[in-house]
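Basically our numbering = 1-based index in the sequence shown + 1298.
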Amino acid sequence: MSLPPDDAPEEIPLDRVYEEYVRLSNVCNDYIQRSLGDIRLFGSIGALLAWDPLARLFELDAQLQQPVTPVGFLVLLLVIVMVMFFDLLKQSIFFFHLQRMQALERVLNRAAGDRGELFHIASGWPDWFRRYHAPAANGFWGVFYLLVVVFPSIILYLQEYAAWLFVYLPTAVVLLGVHARCALRVLNSLKP
């Protein structure tokens, strides 16, 4: 459905505009639910990442005699980054739908006349994101990046795989840096 220009809201029946707004709202809610569900995947990966090294470090299981393999940390890093990029793809699609919803909100609010902005979810998100969501998200990603980089580095060092740090650290920095750069590009799409 193509939106009419700002000066011609009557070209498309208002009920069709509202139906499209509701449909996009449902699509966005679905993206949100699925993206928030990805935290379980991050938790599972984190459990895989942490259990074996911690068990060996604290000798919780006397049968484990082999040190942690550095290749295992690299594989987990790659899986984590793939999940992060997949989530970023979903976020990009979500922001596209938000932009469509903003255009529909303008049409619906114009039709409402002087009753104010009855429809303001998509239009209000960029400001809410910058003021409240981004600081919390930045804290989460800061801690997450530290766990993905620092924890494996400490384990590799303690298990005398310090030479592998010259492979793991640059790989982590490059992959997470590329993710951060792509994330900033997607986030910049929120600018009005």
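We treat Cβ as the ideally placed atom computed from N, Cα and C, and that holds for glycine.
It should be emphasised that the depicted structure is a prediction, and the values quoted were computed from it without experimental measurement.
Please report how far the alpha carbon of residue i lies from the alpha carbon of residue j, in whole angstroms.
i: M1516; j: L1374; result: The structure shown does not extend to residue 1516, since the chain spans only 1299 to 1490, so no value can be given for it.
i: R1408; j: F1371; result: 55 Å
i: L1473; j: L1386; result: 14 Å
i: D1328; j: Q1457; result: 44 Å
i: R1483; j: L1376; result: 21 Å
i: A1481; j: S1487; result: 10 Å
i: E1318; j: R1413; result: 21 Å
i: L1444; j: R1428; result: 23 Å
i: V1476; j: G1411; result: 46 Å
i: D1359; j: A1460; result: With a pLDDT of 47 at D1359, under the threshold of 50, the modelled position of this residue cannot be trusted; read the value that follows with caution. Rounded to whole angstroms, D1359 to A1460 spans 24 Å at the Cα level.
i: R1338; j: V1381; result: 11 Å
i: S1390; j: V1441; result: 23 Å
i: S1342; j: G1335; result: 12 Å
i: P1433; j: L1485; result: 13 Å
i: H1431; j: D1313; result: 32 Å
i: N1436; j: T1367; result: 31 Å
i: V1471; j: R1404; result: 42 Å
Taking its Cβ as the centre, do 16 or more other Cβ atoms sit within 10 Å of residue i, making it buried, or is it exposed?
i: A1420; result: buried
i: Y1455; result: exposed
i: V1320; result: exposed
i: W1462; result: buried
i: K1489; result: exposed
i: R1479; result: exposed
i: V1315; result: buried
Return the residue from the list the options that minimises the CA-CA distance to residue i.
i: S1333; options: F1383, A1461 and L1376; result: F1383
i: C1326; options: E1415, F1438, V1476 and K1388; result: K1388
i: S1323; options: R1428, F1394 and G1335; result: F1394
i: V1369; options: T1469, S1487 and A1434; result: T1469
i: L1416; options: N1436, L1406 and P1424; result: L1406
i: I1330; options: V1381, F1392 and N1486; result: F1392
i: S1451; options: Y1443, F1442, Y1466 and G1437; result: Y1466
i: P1311; options: V1381, L1402 and Y1443; result: L1402
Are residue i and residue j touching if we call contact CB-CB under 7 Å?
i: A1426; j: L1396; result: Residue identity check: residue 1426 is Trp in the sequence provided, not Ala. No. Outside cutoff.
i: V1446; j: I1378; result: yes
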